Each structure stands twice: as C-alpha cells, then as structure tokens.
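This report concerns only the one structure given below.
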Amino acid sequence: MNAIVSVIGKDRVGIMASVCVRLADLNINILDISQTIIKNNFTMVMAVDIEKATVKFSEIKKSLEQLGQEMSLSIKIQREEIFEAMYTI
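Per my numbering, residue 1 is the first one in the sequence shown, and the count goes up by one each step.
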C-alpha cells in the first residue's frame with residue numbers, strides 16, 4: 001500500500017534527513033520525492049510504500065506528526081487512494 005507524505009515549514013538544515021530517517025526507522029520505503037524551497041519555505045512531497053511498515057498506519061501518522069511538532073514543521077501522511085480521490089476531477 002502506498003501513501004503520500006507532505007512536509008512544509010521554514011527551511012533549515014536537516015529537514016529531509018530527519019524525515020527520511022524517521023521513515024527508515026518505521027521500515028517505510030521512499031518511492032519518489034520532490035522538494036523545493038520557495039522564499040525560505042521548504043516543501044516536500046514523497047510517495048512512500050507502507051506495506052512493510054513495522055507499525056499500523058495510525059502510528060505512522062502519529063510518529064510523523066510528532067516529528068513535525070519537534071521540528072516546527074507540518075508533516076502529514078495520507079493513503080494514496082484517498083489523496084488521489086481528493087485531487088481527481
């Protein structure tokens with residue numbers, strides 16, 4: 001099962017590394033990644049495979065939100081099918 005992770009916040013060193021380490025700790029594979037910096041604001045969207053994750057989806061969500069709070073970022077995860085349904089016209 002795939003999911004979409006979004007990260008938004010003020011740019012600084014280590015954002016991408018911290019998110020990637022957290023995903024690796026949860027045994028989540030990154031399938032695709034796009035990141036950019038717009039006027040000192042960091043944005044990243046990742047497609048991830050959560051099929052072999054070591055915890056349930058609710059725990060993944062909680063762990064990423066906690067990391068976001070620690071780093072003053074917005075980190076969200078949505079199941080891919082929900083993401084696609086929301087943005088398909």
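Ideal placement from N, C-alpha and C gives every residue a C-beta, glycine not left out.
All figures in this text were calculated on a predicted structure; none of them were measured in a lab.
For residue i, the nearest candidate out of the options (CA to CA)
i: Asp11; options: Met44, Ile4, Ala53, Asp49; result: Met44
i: Cys20; options: Asp49, Arg79, Ile82, Met1; result: Asp49
i: Gln35; options: Met16, Asn27, Glu51; result: Met16
i: Ser58; options: Arg79, Phe42, Asn29, Leu31; result: Arg79
Cβ-Cβ distance between residue i and residue j below 8 Å
i: Gly9; j: Leu67; result: no
i: Asp26; j: Ala3; result: The sequence given here has Leu at residue 26, not Asp. No, the pair does not count as a contact, with Cβ atoms beyond the cut-off.
i: Val94; j: Leu64; result: The displayed coordinates of the chain run from 1 to 89. Any statement about residue 94 would go beyond what the structure contains.
i: Met46; j: Ile33; result: yes
i: Val7; j: Ile82; result: no
Beta strand (DSSP E) segment containing residue i, residue limits
i: Arg79; result: 74 to 79
Collapsed DSSP secondary structure at residue i in the structure displayed
i: Lys62; result: helix
i: Leu67; result: helix
Bridge partner(s) assigned by DSSP for residue i
i: Ala47; result: Ile4, Asp32
i: Phe118; result: Lying outside 1 to 89, the shown extent of the chain, residue 118 is not represented and no answer is given.
Residue span of the alpha helix (DSSP H) that contains residue i, given as start and end
i: Ala17; result: 15 to 25
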